[in-house]
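Below is one structure; the comments refer to it alone.
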Ligand code: NDP
Ligand code: OXD
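Numbering (this note's numbering), first residue to last: 78 to 391.
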């Protein structure tokens, strides 16, 4: 693959290892491409594309010839939140098959261990207790978000024989799930769902959606899984809701503050499972393939892959 003029900057200050792997893969895939890793900028006027993960706000204003900012991940709120984002710059994101597969695996793990009461068997084993328990023949799951990840999760749950309702902004077709649009439909679906999975992008419309009004409508004994963003969740509302058993348990992979502070009550809460934002990790080699392809498209004036609608926020 030939290179266009200009350089590509990797701007992922808190992911040094991934930045190094991404750079090495890109150099191998795109002959002659000049890849720089922040804070080694070279001449800022050379930079045509930036790969970002939580870049420092305002940093992108330094590159007068910037065309494209690529998120090193599926979420883009960390880019859109930057008030100093130069106008006219296109935003793309990285969603490859391995990311989708890993997200499906994580959500299935959460739903299946909940449905099959895995934790209680582990506790019983520690006591040497033989105590079979039955489980429902089918589970109803409500998936918030019907995009690349939510859609794949819905399909996997349906393939396992579960009843799935899928909620999205436009009621998007979602792999055979019952599709819901508008808030009223969501309110009607909540009391019937044994599991609620959040796979929405974070935007002004979705921030704080996992809060008291939703929890009050959830089914007693249900499971909440938040694999989207920490700011979707109102933490105090969840703590209250868990006391009432709606939901009865929460699996949380993402948090308002990451890493989750050592003193945070979620760490020791018996009804909360905490994982450290690992539901689906971007593979630097796969990401390099997508970035290299967009670099080629940029150089040949073709449409880019995985372009984000900045107005919509995802
Ligand atoms: P997509 O952009 O493909 O899909 C977004 C979905 O959310 C669409 O179905 C969209 O509706 C729906 N949506 C957007 N806004 C609203 C709204 N206001 N009300 C209702 N529905 C809405 O996103 P992905 O599936 O690729 O990713 C989802 C999120 O998952 C990412 O933004 C990221 O935050 C998170 N993520 C977390 C990871 C982790 O490791 N924990 C890893 C990767 C991603 P419509 O179809 O109508 O447009
Ligand atoms: C992503 C993430 O957005 O890892 O890809 O959270």
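A virtual CB, placed ideally from N, CA and C, is assigned to each residue, including glycine.
Within the DSSP secondary-structure output, residue 283 pairs in no beta bridge. For residue 344, the number of other beta carbons within 10 angstroms of its own is below 16, and it is reported as exposed. In this structure residue 163 is not in contact with residue 186, their Cβ atoms being roughly 41 angstroms apart against a cut-off of 8 angstroms. Contact residues of the ligand OXD (beta-carbon closer than 5 angstroms to any heavy atom; chain order) are 150, 151 and 152. Contact check for residue 270 and residue 219: beta-carbon distance about 4 angstroms, within the 8 angstroms limit, so the pair qualifies.
Residue 91 and residue 376 have their C-alpha atoms spaced approximately 29 angstroms apart. Here residue 96 is near residue 89, since their CB atoms are less than 7 angstroms apart.
When the beta-carbon positions are compared, residue 308 and residue 279 come within less than 7 angstroms of each other. As for any alpha helix (DSSP H) of minimum length 4 sitting wholly inside the segment 126 to 164, the runs are 154 to 157, ordered along the chain. Taking a 10 Å sphere around the C-beta of residue 259, we find fewer than 16 other C-beta atoms and assign the residue as exposed.
Taken in chain order, the whole beta strand (DSSP E) runs of length 3 or more contained in the segment 85 to 114 are 111 to 114.
Rounded to the nearest angstrom, the Cβ distance from residue 173 to residue 363 is 4 angstroms, consistent with a contact under 8 angstroms.
Distances from the alpha-carbon of residue 321 to those of 183, 155 and 297 put 297 closest.
Inter-segment contact for the segment 178 to 198 and the segment 240 to 256 is absent: fewer than three beta-carbon pairs are separated by less than 8 angstroms. Linking residue 169 to residue 294 through their CA atoms gives a straight-line distance of about 36 angstroms. Within 10 angstroms of the beta-carbon of residue 212 lie fewer than 16 other beta-carbons, which makes it exposed. Not one heavy atom of the ligand NDP is found less than 6 angstroms from the C-beta of residue 368. The way I'd put it, the segment 346 to 365 does touch the segment 321 to 336; three or more beta-carbon pairs between them come closer than 8 angstroms. Boundaries of the beta strand (DSSP E) harbouring residue 303: 300 to 303, taken from the DSSP string. Scanning its chain for C-beta atoms nearer than 8 angstroms, with the 5 sequence neighbours on each side dropped, one finds around residue 337 the residues 343, 344, 351 and 353, in chain order.
By the neighbour-count criterion, in which a residue is buried when 16 or more other Cβ atoms sit within 10 angstroms of its Cβ, residue 339 is exposed. For residue 190, the secondary structure class from DSSP, reduced to helix, strand or coil, is helix. Residue pairing of residue 329 in beta bridges, as defined by DSSP: 303 and 351. Its chain contains 210 and 212 as the residues whose beta carbon lies nearer than 7 angstroms to that of residue 194, once the 5 sequence neighbours on both sides are disregarded; these appear in chain order.
Counted as a single uninterrupted DSSP element, the stretch harbouring residue 389 is not any alpha helix (DSSP H), since DSSP gives it neither H nor E. Sequence-distant Cβ neighbours of residue 286 in its own chain, meaning closer than 6 angstroms and more than five residues away, are 309.
For residue 272, the enclosing beta strand (DSSP E) has its first and last residue at 272 to 275.
Linking residue 216 to residue 176 through their CA atoms gives a straight-line distance of about 25 angstroms. In the DSSP assignment, the residues bridged to residue 217 are 240.
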